[in-house]
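Participant: First to last, the sequence lines map onto chains F and D.
The opening position of the first sequence corresponds to residue 0 in numbering that gives the first Met the number 0, with each subsequent residue numbered one higher.
The opening position of the second sequence corresponds to residue 0 in numbering that gives the first Met the number 0, with each subsequent residue numbered one higher.
Glycine is no exception: its CB is placed at the ideal position from the N, C-alpha and C atoms.
Since the model is a prediction, treat every value here as computed from it, not as a measurement.
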Amino acid sequence: MTEKQKISPGDALSRLFEVIREEALANPRFAQRMLSAVGCQVAFVGDDAAKTADPILLAGAGDFSAFYETFSTFSEKDLKAMIGTFALGTAEDVKSIKGKAKKPAYIDLMWAGAQAKLRDRRA
Amino acid sequence: MAVRVAVANHKGGVGKSTTAMMLAEGLAHFHGLRVLVLDFDPQASLSAMLLSSAGVGDASRRGRSLWDLLKVMGTTQPLHLSRYITTRASDLIELRDAIDGRRVDLVASYSELLSDYPGLETSFRRRHPRTRTDVALASEIEPELAALDLSYDVILFDCPAGAVPLSQAAIRLSQVLIAPTVLDDISLRALRDFIAIMLKDDLEVYGRLADFRVAITMHVRSNPEQRQLLDQIRAGTYKLKAMRRPVGHSVSVHRAVSRSRSDAFRSAREKYADALTDVEALADELFEIITQVTGGLRQ
Numbered sequence: 000m001t002e003k004q005k006i007s008p009g010d011a012l013s014r015l016f017e018v019i020r021e022e023a024l025a026n027p028r029f030a031q032r033m034l035s036a037v038g039c040q041v042a043f044v045g046d047d048a049a050k051t052a053d054p055i056l057l058a059g060a061g062d063f064s065a066f067y068e069t070f071s072t073f074s075e076k077d078l079k080a081m082i083g084t085f086a087l088g089t090a091e092d093v094k095s096i097k098g099k100a101k102k103p104a105y106i107d108l109m110w111a112g113a114q115a116k117l118r119d120r121r122a
Numbered sequence: 000m001a002v003r004v005a006v007a008n009h010k011g012g013v014g015k016s017t018t019a020m021m022l023a024e025g026l027a028h029f030h031g032l033r034v035l036v037l038d039f040d041p042q043a044s045l046s047a048m049l050l051s052s053a054g055v056g057d058a059s060r061r062g063r064s065l066w067d068l069l070k071v072m073g074t075t076q077p078l079h080l081s082r083y084i085t086t087r088a089s090d091l092i093e094l095r096d097a098i099d100g101r102r103v104d105l106v107a108s109y110s111e112l113l114s115d116y117p118g119l120e121t122s123f124r125r126r127h128p129r130t131r132t133d134v135a136l137a138s139e140i141e142p143e144l145a146a147l148d149l150s151y152d153v154i155l156f157d158c159p160a161g162a163v164p165l166s167q168a169a170i171r172l173s174q175v176l177i178a179p180t181v182l183d184d185i186s187l188r189a190l191r192d193f194i195a196i197m198l199k200d201d202l203e204v205y206g207r208l209a210d211f212r213v214a215i216t217m218h219v220r221s222n223p224e225q226r227q228l229l230d231q232i233r234a235g236t237y238k239l240k241a242m243r244r245p246v247g248h249s250v251s252v253h254r255a256v257s258r259s260r261s262d263a264f265r266s267a268r269e270k271y272a273d274a275l276t277d278v279e280a281l282a283d284e285l286f287e288i289i290t291q292v293t294g295g296l297r298q
């Protein structure tokens with residue numbers, strides 16, 4: 000067992016914040032929740048965007064063109080994953096989308112699924 | 000003046016009684032308030048949590064139950080709500096031993112009411128043939144609550160599930176409504192209907208409530224679906240104001256709701272264990288609401 004170290008409050012806080020920072024960088028969802036709690040809006044890009052985006056939340060704003068613009072930057076693979084994670088459509092729904100350009104159809108499916116959930120949940 | 004709070008949701012099994020207990024004890028223990036709880040639910044869950052099952056039977060034998068109160072309401076006899084109050088109903092040692100007036104008192108329900116209630120309601124409707132039962136109930140109880148305004152800081156109703164007159168009357172009488180809910184699609188759909196159909200269309204109380212909050216119960220923090228829903232609620236997606244702290248689905252809460260004997264007492268730490276911070280957080284938020292409603296309470 001190591002001897003207890005005496006550290007200053009400043010050092011203790013630095014270590015604490017370093018752990019939080021590392022966790023936030025590794026877990027963008029955690030970063031988003033922390034920053035939302037203090038009222039910060041953060042734009043995630045690349046892979047982090049796919050991990051943190053919530054299509055139901057975005058659909059709640061009611062703006063399909065903004066919704067489309069956001070998700071058109073995602074890969075088909077990420078869109079399919081999102082459909083599953085947020086239960087916006089079934090595996091059959093996804094399979095029924097055929098042809099080369101599937102992205103717009105995936106986004107339409109996400110929009111319709113999100114709107115259905117909003118209708119069910121909103122008072 | 001005592002602030003009246005209804006803990007209500009027409010969906011059953013969402014944790015109304017548990018939430019009511021946590022709020023009542025939290026307000027008394029952490030904020031020194033005098034709380035009167037009216038258990039309007041014939042299931043008598045909250046009464047059993049506070050008094051134990053044997054204690055509920057004792058209250059009934061002494062004529063101090065909701066059943067006794069409703070029987071009198073079906074007649075022309077004067078009501079005197081204070082006769083049906085069991086004082087110092089909580090099993091918290093800190094409240095049992097308090098000398099500054101902080102306490103949780105209770106008008107206990109009684110499970111025999113489950114079979115007797117339809118008959119009571121029929122005789123009540125005979126006395127008030129042209130008035131909705133919930134309106135008539137509320138109008139009979141209102142002066143009794145007003146008479147207790149100086150004796151209590153908070154009057155808290157534990158409402159039964161369903162669109163039943165006891166629940167509707169309690170909501171009519173209240174300024175603040177806390178609606179416990181579980182985070183799943185079925186429960187959120189039921190909550191949506193509760194607000195739209197019962198609070199807005201039927202009772203027309205939604206617009207005049209001083210505050211309405213959703214209390215999230217039985218929260219499983221590791222469940223990704225629940226995390227999603229919580230994030231969405233906090234972002235305002237469903238236009239619901241939720242209490243800041245969801246109550247976890249924990250062994251501690253399960254143990255807290257069991258009072259083994261009417262003479263068994265526990266400290267707040269022993270009773271709630273790691274859920275005590277949830278109790279404190281809920282009580283703090285309700286205390287903020289109450290303070291805003293009243294502009295400050297007695298010192």
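Let's see if you can read the secondary structure: which residues bound the beta strand (DSSP E) around D/Phe-264?
Facilitator: D/Phe-264 -> no beta strand (DSSP E), and no H or E assigned at all.
Participant: Indicate the three-state DSSP secondary structure (helix, strand or coil) for D/Thr-290 in the structure shown.
Facilitator: Reduced to three states, the DSSP call for D/Thr-290 is helix.
Participant: Per the contact definition of three or more C-beta pairs closer than 8 Å, is the region 160-169 of chain D in contact with the region 101-109 of chain F?
Facilitator: Contact fails: fewer than three Cβ-Cβ distances are below 8 Å.
Participant: Using DSSP with H/G/I as helix, E/B as strand and the rest coil, what is D/Arg-244?
Facilitator: Residue state, collapsed to three classes: coil.
Participant: Could you spell out where the beta strand (DSSP E) holding D/Leu-176 opens and where it closes?
Facilitator: That run of the beta strand (DSSP E) goes 175-181.
Participant: Would D/Ile-185 be called buried (16 or more neighbouring beta carbons within 10 Å of its own) or exposed?
Facilitator: Label assigned to D/Ile-185: exposed.
Participant: What are the start and end residues of the beta strand (DSSP E) that includes F/Leu-34?
Facilitator: No beta strand (DSSP E) contains F/Leu-34, which is instead part of the alpha helix (DSSP H) from 27-36.
Participant: Once DSSP output is grouped into helix, strand and coil, what is the label at D/Asp-218?
Facilitator: First, the amino acid is wrong: residue 218 of chain D is His here, not Asp. Three-state result, D/His-218: strand.
Participant: With a CB to CB cut of under 8 Å and the five nearest residues on each side skipped, what residues in its chain are close to F/Phe-43?
Facilitator: Once the five neighbours on either side are set aside, the close Cβ partners of F/Phe-43 are Pro-27, Gln-31, Lys-50, Thr-51, Ala-52.
Participant: Please report the residue range of the alpha helix (DSSP H) in which D/Val-71 lies.
Facilitator: Run containing D/Val-71: 65-72, per the alpha helix (DSSP H) assignment.
Participant: Quick check on DSSP: helix, strand or coil for F/Phe-73?
Facilitator: If DSSP states are grouped into helix, strand and coil, F/Phe-73 belongs with coil.
Participant: If we count the other Cβ atoms within 10 Å of its Cβ and call it buried at 16 or more, is F/Leu-57 buried or exposed?
Facilitator: Flag for F/Leu-57 reads buried.
Participant: Just to make sure I have the definition right: I need the residues of chain D whose C-beta is within less than 7 Å of the C-beta of F/Ile-55. Which are they?
Facilitator: The answer, in chain order, is Gln-231, Thr-236.
Participant: Kindly list the residues whose CB is nearer than 8 Å to the CB of F/Asp-10, restricted to its own chain and excluding five residues on each side of it in sequence; keep chain order.
Facilitator: So no residue of the chain qualifies.
Participant: Which chain D residues sit within Cβ distance under 8 Å of F/Phe-85?
Facilitator: Chain D residues near F/Phe-85: Gln-227.
Participant: So D/Glu-141 and D/Leu-78 are supposed to be a Cβ contact under 8 Å. How far apart are they, rounded?
Facilitator: So it is not a contact: roughly 11 Å between Cβ atoms.
Participant: Within the same chain, show all residues whose beta-carbon is closer than 7 Å to that of D/His-248, passing over the 5 residues directly before and after it, in chain order.
Facilitator: Here the set comprises Met-217, His-218, Val-219.
Participant: With DSSP run on the structure shown, which of helix, strand or coil describes D/Leu-239?
Facilitator: It is coil, neither helix nor strand.
Participant: If you run the structure through DSSP and keep just helix, strand and coil, what is D/Phe-156?
Facilitator: Strand.
Participant: Could you check if F/Cys-39 is buried or exposed, using at least 16 other CB atoms within 10 Å of its CB as the buried criterion?
Facilitator: Under this definition F/Cys-39 is an exposed residue.
Participant: When you compare the CB positions of D/Gly-54 and D/Arg-82, do they come within less than 9 Å of one another, or not?
Facilitator: Result no, Cβ atoms of D/Gly-54 and D/Arg-82 do not sit closer than 9 Å.
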